[in-house]
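Participant:
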Amino acid sequence: MERELQCNPYDRFMQFHVLKADEDDTELVFHNVGTKWGNPNGTLYGGVLYSMADSAMETACAVVGKAVLTLDLAMNYLRPALADTVICAKTHILHNGRTTMVVICDFYDDSDRYLAHGKGTYFVTGAYQLQADKGETADEG
Numbered sequence: 036m037e038r039e040l041q042c043n044p045y046d047r048f049m050q051f052h053v054l055k056a057d058e059d060d061t062e063l064v065f066h067n068v069g070t071k072w073g074n075p076n077g078t079l080y081g082g083v084l085y086s087m088a089d090s091a092m093e094t095a096c097a098v099v100g101k102a103v104l105t106l107d108l109a110m111n112y113l114r115p116a117l118a119d120t121v122i123c124a125k126t127h128i129l130h131n132g133r134t135t136m137v138v139i140c141d142f143y144d145d146s147d148r149y150l151a152h153g154k155g156t157y158f159v160t161g162a163y164q165l166q167a168d169k170g171e172t173a174d175e176g
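Per the numbering used here: the sequence shown = residues 36 to 176.
1) Measuring CB atoms only, is the region 45-62 touching the region 106-118, in the sense that at least three cross pairs come out at less than 8 Å?
2) Sorted by chain position, which residues of the same chain lie with C-beta nearer than 8 Å to V121's C-beta, five sequence neighbours on each side aside?
3) Please report the distance separating the alpha-carbon of V138 from that of H152.
4) According to the neighbour-count rule (16 or more other Cβ atoms, all chains shown, within 10 Å of its Cβ), is G176 buried or exposed?
5) Please classify L129: does DSSP put it in a helix, a strand, or coil?
6) Where T178 and L106 are concerned, what is the direct C-alpha to C-alpha distance, given to the nearest angstrom?
7) Might you give, ordered along the chain, the residues of its own chain that have their beta carbon closer than 7 Å to the beta carbon of L161, omitting 5 neighbours on each side?
8) Would G73 and A118 be called neighbours here (beta carbons separated by less than 9 Å)?
9) Within this structure, are the beta carbons of T134 and V159 separated by less than 9 Å?
10) If you follow the beta strand (DSSP E) that G69 is in, where does it begin and where does it stop?
11) Cβ of L63 less than 9 Å from any chain C Cβ?
12) Per DSSP, what kind of secondary structure is E93 in: helix, strand or coil?
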């Protein structure tokens, strides 16, 4: 299932990779190599973690069979993400309802430092269909 969940063009562009995807937890990783995504302070732009949180939490919703739209997403940045580190986003579903879902996302670096915490509320639009079910492949743009 991880390969099918990697079909999102934005995730491919950002090089977010699904490490784990089951009904309990989802994990995405991002290799923050060099300064490509860095800000003038030499740390990762917060927007990268924000978009990674949204991708990870939407993936968690997809794993339980829900297609969703983001209603709200809040982030708490606790420590800077440094260059040349691997960042892992770990999700957990708090509420799996008929019309809404609430998911949390915690970020750690490869030294197991707690970097950030996010919480998202999602509107359920229907059942999630894998990209392959829609007549597309993971290699198409």
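Positions of the beta carbon are idealized from the N, C-alpha and C atoms, including for glycine.
Facilitator: A quick look at the data gives this:
1) As far as the Cβ criterion goes, the region 45-62 does not touch the region 106-118, which means the pair count is below three.
2) As a position in the sequence shown, residue 121 is number 86, starting the count at 1. Residues V64, F65, H66, N67, D144, D145 of the same chain have their beta carbon placed closer than 8 Å to that of V121, with the five preceding and five following residues left out of the count.
3) For this step, residue 138 is matched to residue 103 along the sequence shown. For this step, residue 152 is matched to residue 117 along the sequence shown. One alpha carbon belongs to V138, the other to H152, and they sit about 11 Å apart.
4) To locate residue 176, count along the sequence shown from 1; it is residue 141. Low confidence applies to G176: its pLDDT is 41, below 50, so where it sits in the model is not reliable, and the reading given next is rough at best. Looking at its Cβ environment, which holds fewer than 16 other Cβ atoms inside 10 Å, G176 is exposed.
5) The sequence position of residue 129 within the sequence shown is 94, counting from 1. Secondary structure of L129 (DSSP, three-state): strand.
6) This structure cannot settle anything about residue 178, because the visible part of the chain is limited to 36 through 176.
7) As a first step, residue 161 is located in the sequence shown; it is residue number 126 there, counting from the start. Before going further, note that residue 161 is Gly rather than Leu in the sequence given. The answer, listed in chain order, is A102.
8) The residue given as residue 73 occupies position 38 in the sequence shown. The residue given as residue 118 occupies position 83 in the sequence shown. Cβ atoms of G73 and A118: closer than 9 Å.
9) In the sequence shown, counting from the first residue as 1, residue 134 sits at position 99. In the sequence shown, counting from the first residue as 1, residue 159 sits at position 124. Taking 9 Å as the cut-off, the beta carbon of T134 is found closer than this to the beta carbon of V159.
10) Mapped onto the sequence shown, residue 69 falls at position 34. First-last for G69: undefined, no H or E at that position.
11) Within the model displayed, chain C is absent; a lone protein chain is all it includes.
12) As a working mapping, residue 93 is identified with position 58 in the sequence shown. Helix at E93.
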